[in-house]
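Per my numbering, residue 9 is the first one in the sequence shown, and the count goes up by one each step.
Every residue, glycine too, gets a C-beta built ideally from N, C-alpha and C.
Worksheet: one structure, shown below.
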Amino acid sequence: LRLLGDNVPSVDVIVTICNEKIDVVKDTVRAALSVEYPNNRYRVIVADDGRSKMLEDWVHRLAIGHPNLYYTARSRLGGWKAGNLNEAIKFAGLLPGGTAELVAGLDADMIPETRWLRCVTAHMMRDRKTGVVCPAQHFYNVPSGDPLFQTNKFSWYCRDLVCGLAGSGFNLGSGWVMRREAIDDIGGFPTDVLTEDITSSMMVMAEGWKTTYIPEALQWGLVPDTYAAHVKQLTRWVYLSP
Numbered sequence: 009l010r011l012l013g014d015n016v017p018s019v020d021v022i023v024t025i026c027n028e029k030i031d032v033v034k035d036t037v038r039a040a041l042s043v044e045y046p047n048n049r050y051r052v053i054v055a056d057d058g059r060s061k062m063l064e065d066w067v068h069r070l071a072i073g074h075p076n077l078y079y080t081a082r083s084r085l086g087g088w089k090a091g092n093l094n095e096a097i098k099f100a101g102l103l104p105g106g107t108a109e110l111v112a113g114l115d116a117d118m119i120p121e122t123r124w125l126r127c128v129t130a131h132m133m134r135d136r137k138t139g140v141v142c143p144a145q146h147f148y149n150v151p152s153g154d155p156l157f158q159t160n161k162f163s164w165y166c167r168d169l170v171c172g173l174a175g176s177g178f179n180l181g182s183g184w185v186m187r188r189e190a191i192d193d194i195g196g197f198p199t200d201v202l203t204e205d206i207t208s209s210m211m212v213m214a215e216g217w218k219t220t221y222i223p224e225a226l227q228w229g230l231v232p233d234t235y236a237a238h239v240k241q242l243t244r245w246v247y248l249s250p
């Protein structure tokens, strides 16, 4: 499913950063700027909690040729990734034209396919009451044989697929798009949890919004490249989920 033409909803794409390797971030930002979507209908906002001067300078140089690219960094940290998202949305509201109809999110290491934005917005536009749309996550650095099961295929193609078919798809952290109205209905992303993605999905559903999951390869990211980092990630997912 794809949106065609130039009559498409406006979107603020927020790339959340927190001290990731700058080369990884650059790949994601460049990919976000290369999606098949009218340049005057979406903006890419680099929300940098790492406050990297090197990244800021690079974004400003790149923005010379991409007027829909912006950089912002909070002066005061708090609320983890949710706090970063909320501040980026406020920043977007101060830009010419104000905040977009839709807000999308990409993790620092998640490279979107060029069709990503036209796909997720198409699912959003099918029903005015759809508040969240999120695709599966795919990874390009998984070791041969996937010994630690890092592709997480059971989740993407079984659990999350079933939840999506039942009308209870979750925001899974990256590649998602949310209706700005739905975000406002829940008072922004919850800053008292680390799993703001799933928690915000539950809150949006409680407000009467529908959610959609797309089992399609629309983004490619990195899995942890050490066993310790892998365990740390799983611990956060398992013990800090709502």
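Own chain partners of Asn94 with C-beta closer than 8 Å, once the 5 adjacent residues on each side are dropped: Hits under 8 Å: Gly87, Gly196, Phe197 and Thr199.
Touching by the beta-carbon criterion (3+ pairs, under 8 Å), the segment 121-135 and the segment 222-232: In short, these stretches touch, since the Cβ pair count reaches three.
Distance CB(Val141)-CB(Thr80) smaller than 7 Å: Contact: no.
At least three beta-carbon pairs within less than 8 Å, the segment 182-194 to the segment 202-222: Three or more beta-carbon pairs separated by less than 8 Å link the segment 182-194 to the segment 202-222, which places the two stretches in contact.
Residue nearest to Gly58 in terms of C-alpha spacing, selected from Ile72, Leu70, Lys89 and Asp20: Checking every option, the nearest Cα to that of Gly58 belongs to Lys89.
Segment contact, 8 Å Cβ cut-off, at least three pairs: the segment 31-44 with the segment 69-85: By the C-beta criterion, the segment 31-44 is judged to be in contact with the segment 69-85, since at least 3 inter-stretch pairs fall below 8 Å.
With 16 other Cβ atoms within 10 Å as the buried cut-off, status of His68: The residue is exposed, with fewer than 16 neighbouring Cβ atoms inside 10 Å.
Helix, strand or coil at Ser176 according to DSSP, with G and I counted as helix: If DSSP states are grouped into helix, strand and coil, Ser176 belongs with the strands.
Paired residues, beta bridge with Phe99 - DSSP: Answer is none; Phe99 lacks a bridge partner.
Cβ distance (whole Å) where Ile206 is taken to contact Phe178 below 8 Å: Between Phe178 and Ile206 the Cβ distance is about 5 Å, and since that is below 8 Å, they are a contact.
Span of the alpha helix (DSSP H), counted from its first residue to its last, around Lys218: Segment Lys218 to Ile222 is the beta strand (DSSP E) holding Lys218; no alpha helix (DSSP H) there.
Cα-Cα separation, Asp117 to Thr36: Looking at the two C-alpha atoms, the distance is approximately 6 Å.
Counted within 10 angstroms of its Cβ, other Cβ atoms place Glu204 as buried (16 or more) or exposed: By the Cβ neighbour-count rule, Glu204 is buried, with 16 or more other Cβ atoms within 10 Å of its own.
C-beta atoms of Ala130 and Asp20 nearer than 7 Å: Contact check for Ala130 against Asp20 fails: the beta carbons are separated by 7 Å or more.
Outcome for Asp14 when other beta-carbon atoms lying within 10 angstroms are tallied against a minimum of 16: Label assigned to Asp14: exposed.
Completely contained alpha helix (DSSP H) runs for the segment 20-50, where each covers 4 or more residues: Listed in chain order, they are 30-41.
Check whether Ser18 and Leu114 have beta carbons under 7 Å apart: No. Outside cutoff.
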